[in-house]
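Chains as they are written, first to last, in full-length UniProt numbering: chain F, 1 to 106; chain Y, 1 to 106. Glycine included, each C-beta is placed from N, C-alpha and C at the ideal position. What follows is one structure encoded as structure tokens, with my remarks underneath.
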DNA sequence: TTTCACTACTTTGCATAACAATATAGTTGA
DNA sequence: TCAACTATATTGTTATGCAAAGTAGTGAAA
């Protein structure tokens, strides 16, 4: 497993929630979006299991809608629990990234 | 599994390497050190498997030394491969923490 | 002197996650 | 017709955090 994959672990759920918080998106769009932000190598094989898991845990909810061009799309939005989870992740992230940042600088 | 544990995944190896880079430490000391830096809840049950794994992968090497007080201690230092691995992790960390930081801010 | 607390390392087992690989299917243009 | 792109879903592999339990040395309180 690559260093990048390893680092991505656990942060990915938060990233997905953060994107969905800002706008209603569908899976394929989301994977493209994360790649442009700097999280390359986040393929569909990674994104869809994350979305299914988040939905199963009631953090997001999906809704199928037809597309004018191409297959149907499943649009996701945050639930109330999802907003709260995102807040938790955000604060944990701040604490940990701060601590790790200091360690890495030396 | 807690959010914190999840976030810690994959970053922990880098943190351990970063501490060892600065000074030769033994496991128990390391776990205490990480806790004070802000990475609380990093217990021995977490640290020792990490150390064993890093040693197995030749990123660090350990040496048993007697202690004036208490059981013997195993002191670890980085190998050349460990230094290179730490450099890789450092640069990956910069990229990912930057991207995630932006996403989290919104 | 027994018992507790602290230091110190090791091993086992479980739940979870990234993601490659694979399957399925609609649309579009050459 | 066939390739390329869009779009979602599932399966299997591998690795990891860490709780838990075990072993063992030291020292102080009871």
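Candidates the options: closest to residue i by CA position
i	options	result
residue 86/Y	46/Y, 17/Y, 6/Y	17/Y
residue 103/Y	12/F, 3/F, 6/F, 2/F	12/F
residue 73/Y	6/Y, 28/Y, 21/Y	28/Y
residue 94/Y	95/F, 94/F, 96/F, 101/F	101/F
residue 2/Y	88/F, 105/F, 75/F	88/F
residue 22/F	32/F, 96/F, 78/F	78/F
residue 80/F	65/F, 58/F, 97/F	58/F
Proximity below 7 Å, CB of residue i to CB of residue j
i	j	result
residue 99/Y	residue 39/F	yes
residue 54/Y	residue 60/Y	yes
residue 4/F	residue 92/Y	yes
residue 65/F	residue 75/F	yes
Straight-line Cα distance separating residue j from residue i
i	j	result
residue 8/F	residue 19/Y	21 Å
residue 10/Y	residue 24/F	30 Å
residue 14/Y	residue 15/F	21 Å
residue 56/F	residue 84/F	16 Å
residue 114/F	residue 47/Y	Only positions 1 to 106 of chain F appear in this structure, which leaves residue 114/F out of reach.
residue 49/F	residue 97/Y	23 Å
residue 37/Y	residue 70/F	51 Å
residue 63/F	residue 105/Y	26 Å
residue 26/Y	residue 42/F	37 Å
residue 31/F	residue 44/F	6 Å
residue 82/F	residue 90/F	12 Å
residue 33/F	residue 6/F	20 Å
Three-way DSSP call (helix, strand, coil) for residue i in this model
i	result
residue 8/Y	helix
residue 2/F	coil
Practice problem: Tell me the start and end of each unbroken alpha helix (DSSP H) in the UniProt domain "Transcription regulator PadR N-terminal" (16-87) of chain F that is at least 4 residues and wholly inside, in chain order. | Solution: 27-37, 44-56
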